[in-house]
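Residue numbers (the working numbering): 7 to 502.
In this text, a Cβ means the ideal position worked out from N, Cα and C, and glycines have one as well.
Presented below is the structure to which this report refers.
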């Protein structure tokens, strides 16, 4: 095999670097449990360096070798340093988030996959990561942490959480040891170790399968004989990842989805999605900063700019993040954050409290900033209403009326906006039918003020014969244009 590798590399135009290769040959004997031999190998004319017991091989920034474990503390400091450099760089905000995923995370993940890591160590690093990201994106310290870890397709930043990664790779390693190893000795040793742990924790009253399936005891409910090991941690990780391992069937079930040996490559990404959805659920339930989360997380088109920044300026990007978290400095927000604000009424209209929803959608002096009247009045309409789009086909005697509305994101806000528009334009159907149009449809086009896309708009796209390819771009443009309009209103309110 070693003779064939150089020929195959030469045929493919590849060359091997001795600096990046190493050989470690270890044998066992009765006199010495482990002994390193000076056995070397050649790749054609290249001599592969031979490692001794004390030597270390560096891969992805991690030094490994016989009887050696990587320095997690040192790796943690390097990871925090890398993230700090990325956050202080001249990259755009979305490029910084992407750089953490592409450059900082992979080197650390390799260490998490190959050794038992401390949860406390991961939490300390996550705390540093959160502080660095909030500072770089100009987010206040009181920004909810779950927003940082929620999936970007649902409006979060999708940052990697190291504590989650430890649980994910712990479950993945356990599944591979217990069910997937091609060496039956590895499977037997792993299952025997799991059996020892389950017996010590339950005094022999439970099987290894029951030990993995049952939730661990709560704090203060520890049993006599409890021990900490890979398997006791896996038990906790399985519960957090909503996962079970079927030892007899060699299957792993994640959130109700069954994966066998043929789909082993998917289990880490699926568990990561499950944990991110848990962060999203907590964000939606947040009393103040989660009010818009349910709307902005329902369709991916609403959040395309979070990781790509397309069709969005730098200032609009940061505005949208703060706006969706209700962190912009209105009087009510400033008062909740501890400032001595006595009067929380709107300084422009003095009619209602100055909330962000009031500034964008209800303050009379601001209303004209986001409204452009369309000259689409219908003759014979005594109310002089002006829908945004009127399509009249006299040959087929068909009429189609569309009106755009931009409500503020909130519970049932889209449904209420549609209902109001239906009531407002209901009489137009009778007016047009009286003019000889046999088929008349009145529809509403709803886009949230913070860039949310209403899924009920899809029927309107089909009626207007908008193709699937352009519809993808159209949704994105509509969402970002709504953000641009809201930002223009906010700048006018602030006097910019």
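By the criterion of a C-beta distance shorter than 8 Å, residue 174 is surrounded in its chain by 243, 247, 274, 277, 278, 281, once the five residues flanking it on both sides are discounted. Taking a contact as a CB-CB distance under 8 Å, the pair residue 492 and residue 329 counts as one, their CB atoms being some 7 Å apart. In the structure shown, residue 317 falls within a coil segment according to DSSP collapsed to helix, strand and coil.
Here residue 451 is bridged, per DSSP, to 410. Under DSSP, the beta-bridge partners assigned to residue 249 are 260.
Looking at the backbone, the Cα of residue 31 and that of residue 291 are separated by about 56 Å. In the three-state scheme derived from DSSP, where H, G and I count as helix and E and B as strand, residue 33 is classed as strand. Of all C-beta pairs linking the region 305-323 to the region 116-127, fewer than three are shorter than 8 Å, placing the two stretches out of contact. Cβ-Cβ distances below 6 Å link residue 404 to 445 in the same chain, with the five nearest sequence neighbours on each side left out; the list follows chain order. Fully enclosed beta strand (DSSP E) runs of no fewer than 3 residues occupy 263-265 of the region 262-296, in order along the chain. Taking residue 57 as the centre and dropping the five residues before and after it, the same chain places the C-beta of 28, 30 closer than 6 Å to its C-beta, in chain order. Residue 454 and residue 344 have their C-alpha atoms spaced approximately 29 Å apart. Between residue 241 and the set 217, 258, 167, 252, the nearest pair of CA atoms involves 217. In the three-state scheme derived from DSSP, where H, G and I count as helix and E and B as strand, residue 347 is classed as coil. Per DSSP, the continuous alpha helix (DSSP H) segment holding residue 129 begins and ends at 125-142. By a beta-carbon distance limit of 8 Å, residue 427 contacts residue 409. Their separation comes to about 5 Å. Relative to the Cα of residue 87, the nearest Cα in the group 101, 98, 106 belongs to 106. In the DSSP secondary-structure assignment, residue 100 is not bridged to any residue. Secondary structure at residue 205: helix, using DSSP grouped into helix, strand and coil. Beyond the five residues adjoining it in sequence on each side, residue 467 comes within less than 8 Å, by CB distance, of 477, 480 in the same chain, given in chain order.
Nearest to residue 43 by C-alpha distance, out of 59, 261, 54, is 59. Of 47, 52, 460, 41, the smallest CA-CA separation from residue 16 is found for 52. The beta carbon of residue 370 sits closer than 7 Å to those of 355, all from its chain and outside the five residues before and after it, given in chain order.
By the C-beta density criterion, residue 95 is exposed, having fewer than 16 other C-beta atoms within 10 angstroms. Judged by beta-carbon spacing, residue 301 lies beyond the 9 Å limit of residue 253, meaning their Cβ atoms are not closer than that value. Three or more pairs of CB atoms, one per stretch, sit closer than 8 Å, so the region 319-327 contacts the region 140-156. The distance from the Cβ of residue 138 to that of residue 89 is about 5 Å, consistent with a contact at the 8 Å cut-off. Following the DSSP letters along the chain, one finds residue 424 in no beta strand (DSSP E) but inside the alpha helix (DSSP H) bounded by residues 419-440. Judged by their CB atoms, residue 12 and residue 55 are not nearer to each other than the 9 Å cut-off.
Under the criterion of beta carbons closer than 8 Å, residue 452 and residue 431 do not qualify as touching, at roughly 14 Å.
For residue 179, the enclosing alpha helix (DSSP H) begins and ends at 168-181.
Beyond the five residues adjoining it in sequence on each side, residue 296 comes within less than 6 Å, by CB distance, of 289, 290 in the same chain, given in chain order.
By DSSP's assignment, residue 395 forms a beta bridge with 408. CA-to-CA, the gap between residue 219 and residue 417 works out to about 37 Å.
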